[in-house]
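The listed protein sequences correspond, in order, to chains V and L. Residue 98 in UniProt numbering sits at position 98 of the first sequence; the count goes up by one each step and never skips. Residue 176 in UniProt numbering sits at position 176 of the second sequence; the count goes up by one each step and never skips.
Protein chains: 2
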Amino acid sequence: MMQLLLISNSTMPGEAYLDYPKHEIKKFLGDSVKRALFIPYAAVTFSFDEYEQKVGERFSELGFEIKGIHRYDDPVKAVREAEAIVVGGGNTWQLVRMMHEQNLMPEIKKRVEEGVPYIGWSAGSNVACPYLKTTNDMPIVDPLGFDCCGMIPFQINPHYLDANPEGHGGETREQRIEEFLEANKEIFVAGLREGTMFKLADGKLSLIGSRSCRIFKHGEVPVELTEKDDLTFLMK
Amino acid sequence: MMQLLLISNSTMPGEAYLDYPKHEIKKFLGDSVKRALFIPYAAVTFSFDEYEQKVGERFSELGFEIKGIHRYDDPVKAVREAEAIVVGGGNTWQLVRMMHEQNLMPEIKKRVEEGVPYIGWSAGSNVACPYLKTTNDMPIVDPLGFDCCGMIPFQINPHYLDANPEGHGGETREQRIEEFLEANKEIFVAGLREGTMFKLADGKLSLIGSRSCRIFKHGEVPVELTEKDDLTFLMK
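In structure tokens:
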């Protein structure tokens with residue numbers, strides 16, 4: 001049974017890196033996992049080693065070891081042997097490009113369907129979706145295709161944001177999602193606000209965090225759902 | 001000699017549509033142009049007809065007629081016969097996709113190099129660049145390639161924005177552009193703030209508007225340039 005922890009963002013302004021989701025990460029991985037495979041490919045302006053170290057420090061506090069996939073000669077084999085898979089945020093376009101180049105998407109999906117726990121934040125939550133298409137990131141490279149892992153059948157928009165900065169005339173996030181829905185009528189989009197995450201466990205999808213998520217579908221009025229709601233309908 | 005008017009955004013908050021750039025549009029097109037070809041393909045949540053009408057109303061005030069390319073049986077022929085070309089904002093991804101499908105990019109470039117005036121705003125400024133890669137829009141469709149017209153050799157980031165809304169932890173625009181530069185080291189990026197535009201005329205590139213633009217290049221400290229500066233170095 002699939003186990004997913006899909007986190008909006010690593011860090012709340014003014015807090016330490018990966019601080020707010022750390023207790024959920026610990027609960028989610030539980031006692032059976034010792035070492036997780038870390039995919040650092042979304043790092044653009046800093047190295048994969050630096051990224052591995054930064055995430056490793058937080059995970060080691062929680063009692064888990066992290067090893068970056070960039071250290072393996074055979075990344076597909078690394079996925080096949082992973083006890084847990086962790087995909088960090090950064091630039092979604094570079095992440096997707098490297099995952100396509102190394103053919104990781106179908107392997108990750110297969111492992112996760114077999115029950116291997118998957119944790120992603122920001123870009124790492126985005127690649128769990130069917131498509132890259134609801135990222136907020138700048139398309140700095142050709143992703144070599146817009147398909148992603150598709151472990152969930154809906155799209156997440158991480159870092160979901162209600163308003164523009166004052167005096168800014170560009171599209172709001174809601175307007176951008178409405179454009180997505182116009183071109184992609186059959187699919188739900190979940191605006192996942194900072195400080196919140198989705199958890200799939202025991203076949204049930206729920207929201208964790210004090211802010212609601214905003215669920216969009218073409219032709220329907222967006223709805224706000226909270227920790228108290230069962231979100232499992234999004235998995236159908 | 002190429003003539004370009006590349007506008008950051010159509011509308012300032014609280015103002016009428018295409019109001020702030022209208023005098024520059026009138027001066028730019030001058031007396032020789034009567035009718036301009038309008039490319040409305042960036043419209044997603046409203047129709048091409050509605051878009052043509054909205055832009056047509058403003059242009060007719062200025063003494064110009066607009067005709068949407070979607071009314072022509074042969075869009076390439078429409079470009080070949082245009083007196084001026086106007087490309088409106090909206091979703092850059094859909095715009096680029098449709099321009100690729102209809103093979104308009106090389107035809108527009110050719111016409112503009114022959115001296116046909118080109119006006120774009122937002123997505124319409126983006127497609128004058130070498131690549132789609134510095135858009136802010138959500139990638140709602142596969143663009144069928146990241147190349148754009150390449151009438152200028154640098155990238156514009158329209159609606160350039162200095163800060164995030166308060167309390168938001170996502171990347172700033174500057175951080176996103178730094179990621180672009182890491183993956184695209186040889187190219188300048190111009191952050192074009194709302195209410196401003198670039199004009200290329202008589203072989204000279206200048207900024208119009210009271211706010212400065214921010215020029216980025218890999219390994220260099222970003223600089224702020226104003227109306228008083230000669231920006232022609234960006235064309236080399």
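No residue lacks a Cβ here, since even glycine has one placed at the ideal position from N, Cα and C. All values derive from a computational prediction rather than experimental measurement.
Proximity of residue i and residue j at Cβ, strictly below 8 Å
i: V:G169; j: L:M197; result: no
i: V:Q3; j: V:Y41; result: no
i: residue 261 of chain V; j: V:F64; result: As displayed, chain V neither begins before 1 nor continues past 236, which places residue 261 of chain V out of reach and without an answer.
i: V:F59; j: V:I69; result: no
i: V:I177; j: V:N164; result: no
i: L:V76; j: L:L18; result: no
i: L:Y160; j: L:R71; result: no
i: V:M235; j: V:P153; result: yes
i: V:E24; j: V:L5; result: yes
i: V:S10; j: V:S122; result: yes
i: V:L207; j: V:E227; result: yes
Cβ-Cβ separation, residue j to residue i (assumed contact under 8 Å), whole Å
i: V:V87; j: V:G124; result: 3 Å
i: L:L132; j: L:C149; result: At roughly 11 Å, the Cβ-Cβ gap does not stay under 8 Å, so L:L132 and L:C149 are not in contact.
i: V:L225; j: V:S8; result: Incorrect: roughly 14 Å between the Cβ atoms, too far for contact.
i: L:A183; j: V:V127; result: Rounded, the Cβ-Cβ distance is 18 Å, inconsistent with contact.
i: V:V112; j: V:Q155; result: Their Cβ separation, rounded to whole angstroms, is 17 Å, which puts V:V112 and V:Q155 out of contact at 8 Å.
i: V:P106; j: V:A84; result: Contact flag wrong, Cβ pair sits at about 18 Å.
i: V:N103; j: L:E179; result: Actually they do not touch by this definition, with Cβ atoms about 24 Å apart.
Minimum Cβ-Cβ distance from residue i to chain L less than 8 Å
i: V:Q102; result: no
i: V:Q94; result: yes
i: V:V141; result: yes
i: V:R35; result: no
i: V:A16; result: no
i: V:L5; result: no
i: V:G88; result: no
i: V:M98; result: no
i: V:F146; result: yes
i: V:M197; result: no
i: V:P13; result: yes
Rounded separation between residue i and residue j - CA only
i: V:E81; j: V:T232; result: 29 Å
i: V:K22; j: V:K204; result: 21 Å
i: L:M1; j: L:G219; result: 32 Å
i: V:E186; j: V:H100; result: 25 Å
i: L:L144; j: V:T172; result: 25 Å
i: V:G120; j: L:I108; result: 42 Å
i: L:G14; j: V:D31; result: 56 Å
i: V:K26; j: V:F146; result: 32 Å
i: L:T135; j: L:S47; result: 22 Å
i: residue 246 of chain L; j: L:E61; result: In the structure as shown, chain L starts at 1 and stops at 236, and residue 246 of chain L therefore has no counterpart that could be examined.
i: L:V223; j: L:E166; result: 25 Å
i: L:F216; j: V:V44; result: 16 Å
i: L:E174; j: L:D162; result: 7 Å
i: V:K110; j: L:D137; result: 32 Å
i: V:S35; j: V:A16; result: For clarity, residue 35 of chain V is Arg in the given sequence; the question names Ser instead. About 22 Å.
i: V:M57; j: V:D74; result: One point to set straight first is that residue 57 of chain V is Glu, not Met, in the sequence displayed. Straight-line Cα distance between these residues: approximately 25 Å.
i: L:V33; j: L:M151; result: 21 Å
i: V:E52; j: L:D49; result: 52 Å
i: V:A78; j: V:P139; result: 28 Å
i: V:I39; j: V:D202; result: 25 Å
i: V:E114; j: V:V221; result: 36 Å
Per DSSP, cross-strand counterpart(s) of residue i
i: V:A190; result: V:I156 and V:I215
i: V:W121; result: V:I7
i: V:M197; result: V:I7 and V:I208
i: V:L181; result: Its beta-bridge partners do not exist; DSSP assigns none.
i: L:F48; result: Bridge partners of L:F48: none, in fact.
i: V:V87; result: V:I39 and V:G120
i: L:G68; result: L:F38
i: V:E224; result: V:R214
i: L:Y131; result: L:D147
Residue-level contact to chain V via CB, residue i, 8 Å cutoff
i: L:H70; result: no
i: L:L161; result: yes
i: L:I108; result: no
i: L:T172; result: no
i: L:C80; result: One point to set straight first is that residue 80 of chain L is Arg, not Cys, in the sequence displayed. Not an interface residue.
i: L:M138; result: yes
i: L:K67; result: no
i: L:E182; result: yes
i: L:E24; result: no
i: L:R176; result: yes
i: L:N9; result: yes
i: L:G209; result: no
i: L:H168; result: yes
i: L:L200; result: no
i: L:K133; result: yes
8 Å Cβ cutoff, residue i in contact with chain A
i: L:N91; result: Checking the listed chains, one finds no chain A in this structure; the protein chains it contains are V and L.
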